[in-house]
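J.:
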Amino acid sequence: MKEKASNKMIGLVLIFTLAIGSAQCESAPNDRSLVIEGGILIDGSGSAPASGTIVVISNGRIVQVGPKTRVKMPGNTKVIDVGGATILPGFINAHVHRSYNLEKLYV
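Counting with this note's numbering, you get residues 576 to 682 for the letters of the sequence shown.
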């Protein structure tokens, strides 16, 4: 009888722990737009690397990629100049632990 009660208690503690861990991960992406510029863009399509391009990110998603002269920057935009570094848009961090602060994962 004590063994059944002990197993139930362990199960409840596990459920409670998982519920708390899940609740801490809920966060909304920042609505401020971000522009990455000043680098060499490799888009993965097989075309040659391009300089003079920018990547516009809004609400956590890439919304525009192209030459700086043709891409419009939205208002309330933070601009990051990567100083000649390589820009590889579209990569995601697929190995994330539930206990991490998801807000820090958004750019």
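Positions of the beta carbon are idealized from the N, C-alpha and C atoms, including for glycine.
1) List the whole-angstrom C-beta distance separating isoleucine 684 from leucine 609, where the pair is believed to meet the contact cut-off of C-beta under 8 Å.
2) Can you list, in chain order, the residues of its chain whose CB lies under 8 Å from that of isoleucine 662, leaving out five sequence neighbours each side?
3) Could you please give me the residues that DSSP links to threonine 545 through a beta bridge?
4) From what residue to what residue does the beta strand (DSSP E) around threonine 628 run?
5) For lysine 653, which residues from the same chain have a beta carbon less than 8 Å from its beta carbon, with the 5 sequence-adjacent residues on both sides left out?
6) On the three-state DSSP scale, how would you describe isoleucine 590?
7) At which residues does the beta strand (DSSP E) containing arginine 636 begin and terminate?
8) Which value, in whole angstroms, describes the spacing of the CA atoms of serine 620 and methionine 584?
T.: Working from what's here:
1) Look at the range of the chain in this structure, 576 to 682, and you will see that residue 684 is not part of it.
2) Counting from 1 along the sequence shown, the entry for residue 662 is found at position 87. Counting only residues of its own chain and dropping the five nearest sequence neighbours on each side, isoleucine 662 has a CB closer than 8 Å to the CB of Ile611, Gly614, Ile615, Leu616, Ile617, Thr628 and Val630.
3) Lying outside 576 to 682, the shown extent of the chain, residue 545 is not represented and no answer is given.
4) Here the question's residue 628 lines up with position 53 in the sequence shown. In the DSSP assignment, threonine 628 falls within the beta strand (DSSP E) that extends over 628 to 633.
5) Here residue 653 corresponds to residue number 78 of the sequence shown, with the count starting at 1. Excluding sequence neighbours, lysine 653 sits near Arg607, Ser608, Leu609 and Val610.
6) The residue given as residue 590 occupies position 15 in the sequence shown. Reduced to three states, the DSSP call for isoleucine 590 is helix.
7) Locating residue 636 in the sequence shown gives position 61, counting from the first residue. Unbroken beta strand (DSSP E) run through arginine 636: 636 to 642.
8) Counting from 1 along the sequence shown, the entry for residue 620 is found at position 45. Counting from 1 along the sequence shown, the entry for residue 584 is found at position 9. Their Cα atoms are separated by approximately 54 Å.
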